[in-house]
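Under this note's numbering, the first residue of the sequence shown is numbered 367, with each subsequent residue one higher.
No residue lacks a Cβ here, since even glycine has one placed at the ideal position from N, Cα and C.
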Amino acid sequence: MTNQTGRSSLINEEFKEGEMTRKHNVACHCGQVTVEVEGPHIAVTECLCSSCRKAGAVLSTLPGAPAILDEKGATPFVMHRKDRVRISSGKDRLRAYRLSPDAKTRRVVATCCNTPVLLEFQGGHWFSLYGQLWPKGTLPPLEFRTMTGDLEDPGVLPDDVPNLRQHSLAFYRRLLGAWVKMGFRNPKLVVEGELNV
367 MTNQTGRSSL
377 INEEFKEGEM
387 TRKHNVACHC
397 GQVTVEVEGP
407 HIAVTECLCS
417 SCRKAGAVLS
427 TLPGAPAILD
437 EKGATPFVMH
447 RKDRVRISSG
457 KDRLRAYRLS
467 PDAKTRRVVA
477 TCCNTPVLLE
487 FQGGHWFSLY
497 GQLWPKGTLP
507 PLEFRTMTGD
517 LEDPGVLPDD
527 VPNLRQHSLA
537 FYRRLLGAWV
547 KMGFRNPKLV
557 VEGELNV
């Protein structure tokens, strides 16, 4: 593992919105829930926070669910502005999963095949779409890993991208920049019902 203090601060300053600009569709594993996404994305990340690792382990036990955590225990996400994401089919199959009844984060799952679709923070203006929605070989390139400080030994991670112990200032600048471009709006996604695991 490289010296993340110097390397991360240097590379974080170079973070830019993704290059993807066209509309495209991604889907759950059985194809009944489709999501139209309009680029560019905000960021492509792998999250290693304890909550994502716990939720990934739980949701992976559902019948037919895809593998959510990779060999590092990370969850891949593509972050998009809410106004650039639309559930184009299967919205009635979506259910919200929370780690606890009062959790401020919900993970939205397609119950037709138990594929996690997105993660939403309460009050957030973006969705973190699960990388498993993208067909193999089409996921945009990984830019950084985040919340590696939650790992017992972050030193085991590869140094192919910055491994951020927490969310960086540059990361928050990206989110703020996206919100400014949205006119400080926060579109709502209504999901009927909760998923109890």
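Just grab the DSSP bridge partners of L495 for me.
-> The count along the sequence shown starts at 1 and reaches residue 495 at position 129. DSSP, once it has assigned bridges, lists V444, L484 as partnering L495.
Cβ contact check for the stretch 442-457 and the stretch 392-401: 3 or more pairs under 8 Å = Output reads yes: the stretch 392-401 touches the stretch 442-457.
What residue does the beta strand (DSSP E) around L465 start on, and which one ends it?
-> On the sequence shown, residue 465 is found 99 positions in, with the first residue counted as 1. First-last for L465: undefined, no H or E at that position.
If you follow the alpha helix (DSSP H) that A433 is part of, which residue opens it and which one closes it?
-> One-based indexing of the sequence shown puts residue 433 at position 67. First-last for A433: undefined, no H or E at that position.
Between L523, G503, F550, Y496, which lies nearest to A409 when the distance is taken from Cα to Cα?
-> Position 43 of the sequence shown, counted from the start, is the residue given in the question as residue 409. Comparing alpha-carbon positions, the option among L523, G503, F550, Y496 lying closest to A409 turns out to be Y496.
What are the start and end residues of the beta strand (DSSP E) that includes K389?
-> By 1-based counting over the sequence shown, the position of residue 389 is 23. It spans 389-393 - the beta strand (DSSP E) in which K389 sits, taken as one unbroken run.
Go ahead and pull the three-state DSSP assignment for S417.
-> Residue mapping note: residue 417 aligns to position 51 of the sequence shown, counting from 1. S417: helix per DSSP, three-state reduction.
Where does V474 fall in DSSP's three states?
-> The count along the sequence shown starts at 1 and reaches residue 474 at position 108. Collapsing the DSSP output to three states places V474 in a strand.
Is the number of C-beta pairs between the stretch 512-521 and the stretch 468-476 that are closer than 8 Å three or more?
-> Too few Cβ pairs lie closer than 8 Å, so no.
Would you identify the three-state DSSP class for I377, choosing helix, strand or coil?
-> Taking the sequence shown and counting its residues from 1, one reaches residue 377 at position 11. Below a pLDDT of 50, predicted positions are generally treated as unreliable, and I377, at 35, falls in that range; the measurement from the model is reported next regardless. Note: I377 maps to helix in three-state DSSP.
Inter-residue CB distance, Y463 and V475 (contact presumed, cutoff 8 Å) | The residue you call residue 463 lines up with position 97 of the sequence shown. The residue you call residue 475 lines up with position 109 of the sequence shown. At roughly 6 Å, the Cβ-Cβ gap stays under 8 Å, so Y463 and V475 are in contact.
Give the DSSP-derived three-state secondary structure of G397 in the structure shown.
-> Locating residue 397 in the sequence shown gives position 31, where the first residue counts as 1. DSSP places G397 in coil when its eight states are reduced to three.
CA nearest to the CA of R461, picked from L485, M548, A536 | As a first step, residue 461 is located in the sequence shown; it is residue number 95 there, counting from the start. Considering only alpha carbons, the answer is L485.
Under the assumption that V527 contacts C394 (Cβ atoms under 8 Å), give the Cβ distance between them as a whole number of angstroms.
-> Counting from 1 along the sequence shown, the entry for residue 527 is found at position 161. Counting from 1 along the sequence shown, the entry for residue 394 is found at position 28. About 27 Å separates the two Cβ atoms, so there is no contact after all.
For F487, is the classification buried or exposed, using 16 other Cβ atoms within 10 angstroms of its Cβ as the cut-off for buried?
-> Within the sequence shown, residue 487 is the residue found at index 121, counting from 1. With fewer than 16 other Cβ atoms from the protein chains shown falling within 10 Å of its own Cβ, F487 counts as exposed.
Does the stretch 540-559 come within contact of the stretch 420-429, defined as at least 3 CB pairs closer than 8 Å?
-> Inter-segment contact for the stretch 540-559 and the stretch 420-429 is absent: fewer than three beta-carbon pairs are separated by less than 8 Å.
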